[in-house]
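> Here my numbering is used: the first residue of the first sequence is 101, the next is one more, and so on.
Let me begin by handing over the structure; questions about it come next.
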Amino acid sequence: MGLNLLKSEIFRKIQPRNIFQKFHFSVIFYTRAMDKYDHKTIEQKWQEVWDKTNLYTTSGKSEKPKFYALDMFPYISGSGIHVGHPKGYIATDVISRFKMLQGFNVLHPMGWDAFGLPAENYAIKNKINPNVFVKEHINKFREQLKIFGFTYDWDREFSTTDPEYYKWTQWIFLKMFEKGLAYESDEPVNWCPNCKTVLANEDLENGLCERCGAQVVQKKMRQWVLRMTNYADRLLYDLDNSDLDWEELIKQQQRNWIGRSEGAQFAMKVSDSDEKIEVYTTRIDTVFGMTYAVAAPEHKIIEKLKDKIENYEDVEKYLIQAQNKTNLERTDLQKEKTGVELQGIKVINPFNNEEIPLFVADYVLGFYGTGAVMAVPAHDERDFDFAKKYNLPIKQSIASFHKAEKAHPDAFREDKDTKDRDVVYVILKHWSEDKYLCLDWKYAEHWTSMVVGGIEKGETLEEAGKRELEEETGYKNFKFKGEIDLSEIHSLYFAGHKDENRYAKARGVYFELINGEQNEIDENEKKMHDLVWVKKNEVDNFMTFSNWKILWDIFIGKVKAFVEDGIVINSENYSGLTSQEAREKMTEWLEKEKIGSKKVNYKMRDWVFSRQRYWGEPIPIVHCEKCGAVPVPEKDLPLVLPQVESYEPSGTGESPLANISEWVNTACPKCGGKGRRETNTMPQWAGSCWYYLRYIDPKNDNILVDKEKEKYWMPVDLYVGGAEHATRHLLYARFWHKFLYDIGAVSTTEPFKKLVHVGLINAEDGRKMSKRWGNVVNPDDVVGEFGADAMRLYEMFMGPFSQSVAWSMSGVSGIRRFLEKVWKLQAAVSRQDTADSKIQSLIHKTIKKVTEDIENFRFNTAISQLMILANAMEKEKALPVTDYRLLITILSPFAPHIAEEIWSQLGNKESIFKEKWPVVDEKYLIDEEVEMVVQINGKLRDRIFVAPDVTEDEAKEMALQSEKARSFIGNSEIKKIVFVSGRLINIVI
RNA sequence: GCCGCGGUGGCGGAAUUGGUAUACGCGCUAGUCUUAGGAACUAGUUUCUUUACCGAAUUGGGAGUUCGAGUCUCCCCCGCGGCACCA
């Protein structure tokens, strides 16, 4: 390599500058003068040719293996597009072309998601029919996509607003209704007063409407709900167990959203009453630490116990207050917890029959679990805060546990007996400074603690602490400040002087020194440790034992409640068990006593599926006084959205459809009597739940997708889109798909095999591209100036695909230079035999890398490798046509227009995309000579050139002969030589 | 607070299993051609020392494992994204 470079440098010096022109006369076999690279003409020409020859029309089933590449289809919202939007589409296009070249039957469709609030709001604002608006914007959008020369099969295009399409959206809804998965509910829901409609949980952002940012209020309304929670377990389980090639980022977001938790649910009796209150907890092991219970303001028990509550007026006042709070106010973590005790009411902890007070407090949520909790301030931070505020007892029932492991000088020894011991931990404050007394133990390095000692028989904690202080420190005048709350800490270690293991149950006490008066310390104590006064904020770093760290954190208030697992204490016969063991035993007991049971809960709730707006799929249900909710018969689908005078939402909670009496009033499909159509419509997300299935069979009027075709094409092999859809579209679509699987409509349990999220493109100033900042870059302009190929290539080159990056116009011009270079290489093409080519090896390495990189979405490094190859080819005096063909072929998925043009200029009659993707010839990957690094003690000292299969001994000899290496070795003795074949040789001296 | 991802030149970023850190591109510097250059081409470009060679340092900070660490382990700092009183 090094030698080649040198040669070409010399060569360059003796050649005239216009080297290419020289070769034009001598070697090149194309007689006509080379044209300038004119992207406009080329791109337009080939887009027309591809169109006319139906190059990208997907054939049906074939013998070829299939590949289904899918983009998240654009949402027609009315806001313009910028250079960030096509990025994902470019990637799927690169992959599609790559797969075509590899001989796959590729399905790469495009369509439009056009129902929903933004489109409707935009239409209202601009006073046009949403349908007219949608058609206009689809046309505009399609045009903007077409300039990129994508491989979309436009024959399969559709919009979710086409009645032929939403017929099947309605059909799926009816199937769900039939199976009991779509139901009417009257629970309070999120109401956006600005959008004048109900919203699903997924549509909220910090309690605000995700669309308009308005404060959402809770409103009790009849609405349609889909029983998504029935699928919660499968939606969670299949994330990890169905071969999904999804990024962890998205999986994690779905896991969080589903929010599965496992715990126990049990009933607590209300004293002197037949009433019970059910509570749910994941920490049943802490149940002996319960000192009160809490019900959410919505909880029914409050109404039931009304007569018994002595302070009902106060309670009622609190309930009204809580009701008036917005979601945001209620869930604001900063705010102080509030609540009211239900005086006159006691509930009974079934584990110890203790009577405890019951509170109503809005830090407990009505919709989760049972809407009531057992409160354990010692082991739950929220309960701790509440207990502190209302002066409720804090009872420790879990002790932190620490076992001295191997690295510890007192490591626990399996072969020795273990004895229990009560121990006191003493925190001692300096008499005048904000310092605390620590011990630096001498028997091992970096072992530090505070004063510690055993409690003798009959001693109180205070006495033991005082005695230990006197013995170990010599100080005389202490003030006892009390036992530290939640300070019981257990540890297991080996006590060398007694040759036995100790199970120490320690409790912490706090003393202050009154003055520095001190006796001489015992010699033995002196030998064991030094006394060190440490500043308060340095104690944490100074201390090395984890059990002491815990005590200190509790002491300074850094740790409020101890929320981790540990050893159960103060819990009758459960004491001594680990948290895990106790959870099992206690749950068993609950089940045995028929008081409660194991219980799984989810954060995810059922999907509120109706909207009080015009622009959505009508819900195909007729309400009949006699028959109730009756489905519209399948044969009457689609139930078409009627024309209305005004699209404005009424705001009364009814959709504008309610005003069209000729549409609303209809015969009941069941009894023929008087019926009223459902006037709510489906949410924006309905249409996108299954659109990927329709592309497979877009014109079928008999079934949503033909079963044979579905079996051939599904699942989607590659799905590319924004990460913002992680917990909505992607969750809803998985839910619907599983339902369709259950009713036999599809053959796979998951729709999307591989999912990749596209990183955002920010403006050059680093901010988001937005009209507001005036920094939007329009793709039309970039394509106009640099060409579609340059823009495609640039967006793939910017950085890792899923990462967000800032746009750079000079970056595009760099890519443009690269394309010019590839273009100009035509002039150097010769008939010379490929076998002579010096860059064969580089060509095959490039094929290998580009192939692997495309597969793995590493487009940036694939392009960089193409640049390396083009740079090398440029330096060659003549370029064999076969080599050039290979370069153009592997470039073609990224820059299809220029590749196709060069391809045809090379004399090919067929499209380059009918070619075969080149296969790597392994024999070219082996270099004749490799560079090996000579290291001395791991530092690079010299490089030697050797045959790739050089033996260790040969390499050693060469390395030792290296003058540079010798100068570093000198007279030193060689201790060891490490040899890594073909890479390096490391001489250790 | 919890979970996830990340921190490498002036900038975007490379570096399959630990094995030549800074590939490729941008920008910058100098030069060639030119009436001109926001064109093209040539050379250079991590930092420090140096005319240059040689050398030294360097992947957010600190420790550790190893012949060898951007990569592995532990602790800490910073940035981004998601969730957030879910018991």
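We put the CB at the ideal spot given by N, CA and C, even for glycine.
Computed from a predicted structure; not experimentally measured.
1. What alpha helix (DSSP H) runs, 4 residues minimum, are completely inside the stretch 1010-1068?
2. How long is the line joining the alpha carbons of K699 and I402, rounded to whole angstroms?
3. Given a threshold of 16 other Cβ atoms within 10 Å of its Cβ, counted over all protein chains shown, does A1047 qualify as buried or as exposed?
4. Give me the Cα-Cα distance between F123 and L925, rounded to the nearest whole angstrom.
5. Unbroken beta strand (DSSP E) runs of length 3 or more, entirely within the stretch 669-707: which are they?
6. Give every residue of the same chain whose Cβ lies closer than 7 angstroms to the Cβ of T849, excluding the five residues on either side of it in the sequence, and list them in chain order.
7. Any idea which residues DSSP pairs K529 with across the strands?
8. Straight-line CA distance for R917 to Y137?
9. Could you check whether L592 and A478 sit closer than 8 angstroms to each other, using their CB atoms as the reference points?
10. Would you kindly work out how many angstroms separate the C-alpha atoms of F167 and R794, rounded to a whole number?
11. Please look up how many angstroms separate the CB atoms of S902 and V858, rounded, as I've assumed it's under 8 angstroms.
12. Excluding five sequence neighbours on each side, which residues of the same chain lie with their C-beta closer than 6 angstroms to the C-beta of Y603?
13. Does the pairing of the stretch 230-246 with the stretch 775-791 give three or more beta-carbon distances under 8 angstroms?
14. Residues bridged to E583 by DSSP?
15. Helix, strand or coil: which one does DSSP assign to S108?
16. Which word fits N1037, buried or exposed, when buried means at least 16 other C-beta atoms lie within 10 angstroms of its C-beta?
17. Taking three-plus beta-carbon pairs below 8 angstroms as touching, is the stretch 209-223 in contact with the stretch 250-264?
18. Which residues in the same chain have their Cβ closer than 6 angstroms to the Cβ of Q147, if we skip the five residues on either side of it in sequence?
19. What separation, rounded to the nearest whole angstrom, lies between the Cα atoms of L326 and F277?
20. Short of 8 angstroms in beta carbon distance, which residues of its chain neighbour T269, apart from the five on each side in sequence? Order them along the chain.
21. Does the Cβ of G666 have 16 or more other Cβ atoms within 10 Å, making it buried, or fewer, making it exposed?
22. Beta carbon of P769: closer than 7 angstroms to some heavy atom of the ligand ADP?
23. Along the chain, where does the alpha helix (DSSP H) that runs through A314 open and close?
24. Mapping DSSP to helix, strand and coil, what is S750?
25. Taking all protein chains shown into account, do 16 or more other C-beta atoms lie within 10 angstroms of the C-beta of D345, making it buried, or fewer, making it exposed?
26. Span of the alpha helix (DSSP H) holding P230?
27. Helix, strand or coil for Q365 per DSSP?
28. Can you find the residues in the same chain that come closer than 8 angstroms, C-beta to C-beta, to K1096, ignoring five residues on each side of it along the sequence?
29. May I ask which residues mark the beginning and end of the alpha helix (DSSP H) holding T827?
30. Is DSSP giving T560 helix, strand or coil here?
31. May I ask which residues mark the beginning and end of the beta strand (DSSP E) holding I1087?
32. Tell me the DSSP bridge mates of L299?
33. Would you identify the three-state DSSP class for K519, choosing helix, strand or coil?
34. Taking Cβ positions, are I1069 and K1056 nearer each other than 8 angstroms?
35. Could you pull the start and end residues of the alpha helix (DSSP H) that P186 belongs to?
36. If you reduce the DSSP assignment to three classes, tell me which class C789 lands in.
If we stick to the structure as given:
1. 1052-1061
2. One-based indexing of the first sequence puts residue 699 at position 599. One-based indexing of the first sequence puts residue 402 at position 302. Between K699 and I402, the C-alpha separation is close to 24 angstroms.
3. Along the first sequence, read from residue 1 onward, the residue named residue 1047 stands at position 947. With fewer than 16 Cβ atoms within 10 Å of its Cβ, A1047 is classed as exposed.
4. Position 23 of the first sequence, counted from the first residue, corresponds to residue 123. Position 825 of the first sequence, counted from the first residue, corresponds to residue 925. Confidence is the limiting factor: at F123 the pLDDT is only 32, short of 50, which leaves the residue's position unreliable, though a coordinate-based value still follows. Distance between the alpha carbons of F123 and L925: 11 angstroms.
5. 696-701
6. As a first step, residue 849 is located in the first sequence; it is residue number 749 there, counting from the start. Cβ neighbours of T849 beyond the five flanking positions: D338, S342, K838, Y841.
7. On the first sequence, residue 529 is found 429 positions in, with the first residue counted as 1. Per DSSP, Y536, E612.
8. Translated into the one-based positions of the first sequence, residue 917 becomes position 817. Translated into the one-based positions of the first sequence, residue 137 becomes position 37. If you take the alpha carbons of R917 and Y137, they lie about 11 angstroms apart.
9. Taking the first sequence and counting its residues from 1, the one referred to as residue 478 is at position 378. Taking the first sequence and counting its residues from 1, the one referred to as residue 592 is at position 492. No. Outside cutoff.
10. Residue numbering aside, residue 167 sits at position 67 when the first sequence is read from its first letter. Residue numbering aside, residue 794 sits at position 694 when the first sequence is read from its first letter. One C-alpha to the other measures close to 16 angstroms.
11. To locate residue 902, count along the first sequence from 1; it is residue 802. To locate residue 858, count along the first sequence from 1; it is residue 758. About 7 angstroms separates the two Cβ atoms, so the contact holds.
12. Taking the first residue of the first sequence as position 1, residue 603 is located at position 503. Here the set comprises T518, D520, L592.
13. no
14. Translated into the one-based positions of the first sequence, residue 583 becomes position 483. Answer by DSSP bridge pairing, in chain order: V609.
15. Mapped onto the first sequence, residue 108 falls at position 8. Confidence at S108 is low in this model, with a pLDDT of 31, below 50, so its placement is unreliable and no value can be given for it.
16. Sequence index remark: in the first sequence, residue 1037 carries index 937 (1-based). N1037 sits exposed, since fewer than 16 C-beta atoms from the chains shown fall within 10 Å of its C-beta.
17. yes
18. Indexing the first sequence from 1 puts residue 147 at position 47. Counting only Cβ-Cβ distances below 6 angstroms, and skipping sequence neighbours, we find G249.
19. Taking the first sequence and counting its residues from 1, the one referred to as residue 326 is at position 226. Taking the first sequence and counting its residues from 1, the one referred to as residue 277 is at position 177. The alpha-carbon atoms of L326 and F277 are separated by roughly 9 angstroms.
20. Stepping through the first sequence from its first residue, residue 269 is reached at position 169. Contacts found: T260, E717, M782, A786, G787, C789, W790.
21. Position 566 of the first sequence holds residue 666. Result: buried.
22. Because no ligand of any kind appears in the structure shown, any question about the ligand ADP cannot be addressed here.
23. Working through the first sequence from its first residue, we reach residue 314 at position 214. Looking at the DSSP string, A314 is not in any alpha helix (DSSP H), and its letter there is neither H nor E.
24. In the first sequence, the residue the question calls residue 750 occupies position 650. Assignment of S750 by DSSP, reduced to helix, strand and coil, places it in the coil class.
25. Taking the first residue of the first sequence as 1, we reach residue 345 at position 245. Per the 10 Å Cβ criterion, exposed.
26. Looking up residue 230 in the first sequence gives position 130. From DSSP, the alpha helix (DSSP H) with P230 extends over 230-246.
27. Taking the first sequence and counting its residues from 1, the one referred to as residue 365 is at position 265. It is a strand residue.
28. Lying outside 101 to 1089, the shown extent of the chain, residue 1096 is not represented and no answer is given.
29. Locating residue 827 in the first sequence gives position 727, counting from the first residue. Element bounds for T827: n/a, residue is neither H nor E.
30. Looking up residue 560 in the first sequence gives position 460. Here T560 carries a coil assignment [DSSP, helix/strand/coil].
31. Sequence index remark: in the first sequence, residue 1087 carries index 987 (1-based). From DSSP, the beta strand (DSSP E) with I1087 extends over 1084-1088.
32. The residue you call residue 299 lines up with position 199 of the first sequence. In the DSSP output, where bridge partners are listed per residue, L299 has N290.
33. The residue given as residue 519 occupies position 419 in the first sequence. Note: K519 maps to strand in three-state DSSP.
34. For this step, residue 1069 is matched to residue 969 along the first sequence. For this step, residue 1056 is matched to residue 956 along the first sequence. No, these two residues do not count as a Cβ contact at 8 angstroms.
35. Along the first sequence, one-based indexing puts residue 186 at 86. That run of the alpha helix (DSSP H) goes 186-201.
36. For the purposes of this step, residue 789 is taken as the residue at position 689 of the first sequence. Reduced to three states, the DSSP call for C789 is helix.
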